[in-house]
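Some notes on the structure that comes next.
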Amino acid sequence: MSVWTTKELKAGDELFGYYGYKNSIFPSDFPWYFEEKLRIEREDRLEEEKKAKLMSKSKKMKKKSKK
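Residue numbers for the sequence shown follow the numbering used here, so the first one is 2 and each next one is one higher.
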């Protein structure tokens with residue numbers, strides 16, 4: 002088995018592994034797993050939204066500069 006990252010990692014970065022656990026199956030004494038999974042998904046979503054906003058802004062600036 003190997004691990005693939007979705008982005009470049011630097012020394013000291015943490016790596017979070019997704020094991021496919023389900024809320025109903027996984028023992029209730031490990032709520033940290035789902036809390037961390039939600040945090041990472043939120044960070045990823047916010048990063049994507051930020052990139053989309055920057056791309057949109059850059060397209061608007063290009064249109065203005067062409068006029």
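Note that beta-carbon positions come from the ideal geometry of N, C-alpha and C, so glycine has one too. Small disclaimer: the values here were computed from a predicted structure and weren't measured.
When the Cα atoms are used, what is the spatial distance from residue i to residue j?
{"i": "K54", "j": "K61", "result": "11 Å"}
{"i": "L47", "j": "L39", "result": "12 Å"}
{"i": "K64", "j": "E49", "result": "23 Å"}
{"i": "D14", "j": "K58", "result": "30 Å"}
{"i": "E37", "j": "S66", "result": "43 Å"}
{"i": "W33", "j": "G18", "result": "13 Å"}
{"i": "K52", "j": "E9", "result": "17 Å"}
{"i": "L16", "j": "F31", "result": "18 Å"}
{"i": "T7", "j": "I41", "result": "12 Å"}
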